[in-house]
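Asks: Take a look at this one; I'll ask things after.
There are 2 protein chains.
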Amino acid sequence: MSAGLFGSIEGGGTKFVCAVIDEQNQILAEMRVPTTTPDETLNACLDFFNQQQVLLGRLAALGIACFGPLDARRDSPTYGQILATPKPGWAFTDVAGFYEDRLEVPVGFDTDVNGAVLAEALWGAGKGLSDVVYFTIGTGIGGGAMVNGQLLHGLMHPEMGHARLPRIGGNEGFFGVCPFHGDCFEGVASGPAMAARWGMPAEMLSPEHPAWKLEAAYIALALQGVICTLAPQRIILGGGVMSADFLFPMIRQKTVEFLNGYIHAVEILEGIEDYIVPPGLGTRSGILGGKALAELADRKELIAHS
Amino acid sequence: MSAGLFGSIEGGGTKFVCAVIDEQNQILAEMRVPTTTPDETLNACLDFFNQQQVLLGRLAALGIACFGPLDARRDSPTYGQILATPKPGWAFTDVAGFYEDRLEVPVGFDTDVNGAVLAEALWGAGKGLSDVVYFTIGTGIGGGAMVNGQLLHGLMHPEMGHARLPRIGGNEGFFGVCPFHGDCFEGVASGPAMAARWGMPAEMLSPEHPAWKLEAAYIALALQGVICTLAPQRIILGGGVMSADFLFPMIRQKTVEFLNGYIHAVEILEGIEDYIVPPGLGTRSGILGGKALAELADRKELIAHS
């Protein structure tokens, strides 16, 4: 075992990214494969890790930051599985078990957004903080949270994209695209929601288009609820929609407006620019999320053996 | 020091309840005083504890479960204070410091709802669980949460009563009573909201009145958001409005309806009766909340000294 070598998988609905990463977060090798069948995709990643272990040395642990819904509760009979996903063939696939059996290293397994919030809290925009929320706003909307320095799980992982939001005036005619809830956060503010509402993909809309003002307002409404419920010390917004970085000042302004002075925290009232921020790790939040989960699995294993 | 004797204060906007409680949660002495000025009220409680210490023995610690907003962050310069409350004279009163200076015992200080969720998780309806949410729904609406076995604080304590909710059809004319947010959870579902909407206090409305159906729906909408965001293992509902216990089955049904099968947790899908429940400690959640905070302060003190 090379103590300082970690495997990471960023498992998405479109592609899986695999990497071997050292203790200093240097990515030593990386590969991406399309998400086809579990058999094909998981084995392609396995082959990559087996090859890299010959070249670079044995992995200390593997971490998987994966699309959901999934079961990340260690004491659950379905731990390690992707649950009832609409993605064909993937429902109830035991992803963590697949690699535990074949790589024989400790495997960390959690949602993509919990991986990202962990990586951001360790090395990125949430560094030094104990209570951080990370949202990805893109094809879907998901949120991960660290509370008191630990990842939030509870009954299952959060599904922050599916909290219901108030309607913003003038859009009563648009029902929202979520097949479960219609106009939940994801239903009104994901990329597909923008495309459905305005008749073209978000990236085609000019920054002056009224779509963005409405988008910022809906995101701010969701953040208002998250602030009232989780009171994070910082909120990190990533994902495809947030690559329109002119959204940040608009979201900050509306969030302060919606809170309306009720939350007396200088971090919000005087420092909103440092409160709602983009990922500090940029596009590496995901793959370093897997690495962070690997480190966690490695440390847990060490604790369990001591 | 009698190791097993704890002081507890349940500090509300109307009255303060003080008690001396033993390790087995027996209330050995209890007193209530109206909430007038900080000077009068805090000193009346101090006198009670001083008298009881002569009669019963020295307290190991004191816990204060208090109305807010307040600062419960130990490392904050305003720790121990009630913050910008509209209650005359109480803003920026150093409640924890008052008793630390005069009783010279470890003092625990947190919100009434964080005290209640801690007591319920230790001895009541959340016993054995690590992730529990407690709501009080009455004159105001507040929520406390335990996550991974620890009280949720973050930037400040949560203000779950102030998350915004979608409007339920047919009530567009009613704006909500929250002076900050209008139609947030507290604005549409607190006791005063019910009274304002229907023209009479909630306790005057018969169980058949349509007010209750709407009330259950708004509470369920709020719980849908909390489940998506915090994913608690159980939700406990207390407070004056919830003394109308016929609300429980109505709220359970609407919560399942609003989640619409998205959260695949047997605890919700098959066990909603055990998922949304009244307080296991009944009306003692508050005063035992103070005692639980006292125990926590006592243990922290012991750890710090060891």
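As they're listed, the protein sequences go chains A and B. Following our numbering, the numbering of the first sequence begins with 65 at its first residue and continues without gaps. Following our numbering, the numbering of the second sequence begins with 65 at its first residue and continues without gaps. C-beta atoms are modelled at their ideal positions from N, C-alpha and C, and glycine is treated no differently.
Cβ of B:Pro343 within 7 Å of Cβ of B:Ala129?
Replies: Within the second sequence, residue 343 of chain B is the residue found at index 279, counting from 1. Within the second sequence, residue 129 of chain B is the residue found at index 65, counting from 1. No, the Cβ-Cβ distance between B:Pro343 and B:Ala129 is not below 7 Å.
Asks: Is the separation between the beta-carbon of B:Ala286 and that of B:Leu229 shorter than 7 Å?
Replies: The count along the second sequence starts at 1 and reaches residue 286 of chain B at position 222. The count along the second sequence starts at 1 and reaches residue 229 of chain B at position 165. Yes.
Asks: Is it the case that the Cβ atoms of A:Pro391 and A:Gly207 are separated by a distance below 7 Å?
Replies: Missing from the structure shown is residue 391 of chain A; chain A here goes from 65 to 370 and no further.
Asks: Checking 7 Å against the spacing of the C-beta atoms, do A:Pro150 and A:Asp362 come in under that value?
Replies: As a position in the first sequence, residue 150 of chain A is number 86, starting the count at 1. As a position in the first sequence, residue 362 of chain A is number 298, starting the count at 1. No, the Cβ-Cβ distance between A:Pro150 and A:Asp362 is not below 7 Å.
Asks: Just to check my reading of the structure: B:Met258 and B:Glu279 have Cβ atoms closer than 8 Å, yes? What is that Cβ distance to the nearest angstrom?
Replies: Counted from its first residue, the second sequence places residue 258 of chain B at position 194. Counted from its first residue, the second sequence places residue 279 of chain B at position 215. About 6 Å; that satisfies the 8 Å criterion.
Asks: Within 10 angstroms of its Cβ, does A:Asn178 collect 16 or more other Cβ (buried), or is it exposed?
Replies: Residue numbering aside, residue 178 of chain A sits at position 114 when the first sequence is read from its first letter. The residue in question, A:Asn178, is buried, as its Cβ has 16 or more Cβ neighbours within 10 Å.
Asks: Alpha carbons only, please: which of B:Val81, B:Gly202 and B:Phe70 is nearest the one belonging to B:Arg348?
Replies: Counting from one through the second sequence, the residue named residue 348 of chain B turns up at place 284. Cα-wise, what sits closest to B:Arg348 is B:Val81.
Asks: Compute the Euclidean distance between the alpha carbons of A:Asn324 and B:Gly68, then round it to the nearest angstrom.
Replies: On the first sequence, position 260 is the one that residue 324 of chain A refers to. On the second sequence, position 4 is the one that residue 68 of chain B refers to. Rounded to the nearest angstrom, the two C-alpha atoms are 45 Å apart.
Asks: Using the beta-carbon of each residue, which ones in chain A are nearer than 7 Å to B:Glu223?
Replies: If you number the second sequence from 1, residue 223 of chain B lands on position 159. The answer, in chain order, is Cys292, Tyr326 and Ile327.
Asks: Within 7 Å (strictly less), CB to CB, does A:Pro342 reach chain B?
Replies: The count along the first sequence starts at 1 and reaches residue 342 of chain A at position 278. No, A:Pro342 does not count as interfacial toward chain B.
Asks: Would you tell me roughly how many angstroms separate the C-alpha atoms of B:Lys364 and A:Ser270, rounded to the nearest one?
Replies: The residue labelled residue 364 of chain B in the question sits at position 300 within the second sequence. The residue labelled residue 270 of chain A in the question sits at position 206 within the first sequence. The straight-line gap from Cα to Cα measures roughly 56 Å.
Asks: Taking DSSP as the reference, what is the three-state secondary structure of A:Val171?
Replies: Within the first sequence, numbered from 1, the residue matching residue 171 of chain A stands at position 107. It is a strand residue.
Asks: If you measure beta-carbon to beta-carbon, which residues of the segment 176-203 of chain B are closer than 7 Å to chain A?
Replies: Listed by position, the residues of the segment 176-203 of chain B near chain A (Cβ gap below 7 Å) are Asp195.
Asks: Since B:Asp111 is in the alpha helix (DSSP H), which residue starts that stretch and which ends it?
Replies: Locating residue 111 of chain B in the second sequence gives position 47, where the first residue counts as 1. Per DSSP, B:Asp111 belongs to the alpha helix (DSSP H) from Pro102 to Leu120.
Asks: In terms of alpha-carbon separation, which member of B:Tyr339, B:Phe310 and B:Gly304 lies closest to B:Thr319?
Replies: Position 255 of the second sequence, counted from the first residue, corresponds to residue 319 of chain B. The shortest Cα separation from B:Thr319 among B:Tyr339, B:Phe310 and B:Gly304 belongs to B:Tyr339.
Asks: Identify the continuous alpha helix (DSSP H) that holds A:Ala185 and give its terminal residues.
Replies: For this step, residue 185 of chain A is matched to residue 121 along the first sequence. That run of the alpha helix (DSSP H) goes Asp176 to Trp187.
Asks: Would you say the beta carbon of A:Pro133 is closer than 6 Å to some non-hydrogen atom of the ligand ZN?
Replies: In the structure shown, the ligand ZN is absent, as is every other ligand, since no ligand is present at all.
Asks: Mapping DSSP to helix, strand and coil, what is A:Thr347?
Replies: In the first sequence, the residue the question calls residue 347 of chain A occupies position 283. In this structure, A:Thr347 counts as helix in the three-state DSSP scheme.
Asks: Tell me which same chain residues have a C-beta within less than 7 Å of the C-beta of A:Ala358, skipping the five on either side of it?
Replies: In the first sequence, residue 358 of chain A corresponds to position 294, counting from 1. The residues are Phe70, Gly71, Ser72, Ala125, Leu126, Gly127 and Gly172.
Asks: Between B:Met210 and chain A, is there a C-beta pair that is closer than 7 Å?
Replies: For the purposes of this step, residue 210 of chain B is identified with residue 146 of the second sequence, where counting begins at 1. So no, B:Met210 is outside the interface.
Asks: So, does the CB of A:Leu360 fall closer than 7 Å to a CB anywhere in chain B?
Replies: Numbered from its first residue, the first sequence carries residue 360 of chain A at position 296. So no, A:Leu360 is outside the interface.
Asks: At the level of alpha carbons, what is the spacing between B:Glu331 and A:Leu182?
Replies: Residue mapping note: residue 331 of chain B aligns to position 267 of the second sequence, counting from 1. Residue mapping note: residue 182 of chain A aligns to position 118 of the first sequence, counting from 1. Spanning the two alpha carbons is a distance of roughly 27 Å.
Asks: Please check if any C-beta of chain B sits within less than 7 Å of the C-beta of A:Ile367.
Replies: Taking the first residue of the first sequence as 1, we reach residue 367 of chain A at position 303. Residue placement at A:Ile367 is poorly supported in this model, since its pLDDT is 41, which falls under 50; the coordinates still yield a value, given next. Output row for A:Ile367: interface = no.
Asks: Can you grab the Cα-Cα spacing for the pair A:Ala108 / A:Gln117, in whole Å?
Replies: Within the first sequence, the letter at position 44 stands for residue 108 of chain A. Within the first sequence, the letter at position 53 stands for residue 117 of chain A. Each residue's Cα considered, the two are about 14 Å apart.
Asks: Measuring straight from C-alpha to C-alpha, what distance separates B:Phe113 and B:Val84?
Replies: As a position in the second sequence, residue 113 of chain B is number 49, starting the count at 1. As a position in the second sequence, residue 84 of chain B is number 20, starting the count at 1. The straight-line gap from Cα to Cα measures roughly 8 Å.
Asks: Run the CB neighbour count on A:Ser254, radius 10 Å, all protein chains shown included, and call it buried at 16 or more, exposed below.
Replies: Start at 1 with the first residue of the first sequence, and residue 254 of chain A comes out as number 190. Counting Cβ neighbours within 10 Å, A:Ser254 comes out buried, since at least 16 surround it.
Asks: Which residues of the segment 153-176 of chain B have a Cβ closer than 7 Å to any Cβ of chain A? Give them in chain order.
Replies: Cβ contacts with chain A: none found.
Asks: Which residues in the same chain have their Cβ closer than 6 Å to the Cβ of B:Glu164, if we skip the five residues on either side of it in sequence?
Replies: In the second sequence, residue 164 of chain B corresponds to position 100, counting from 1. Cβ within range, chain order: Val171.
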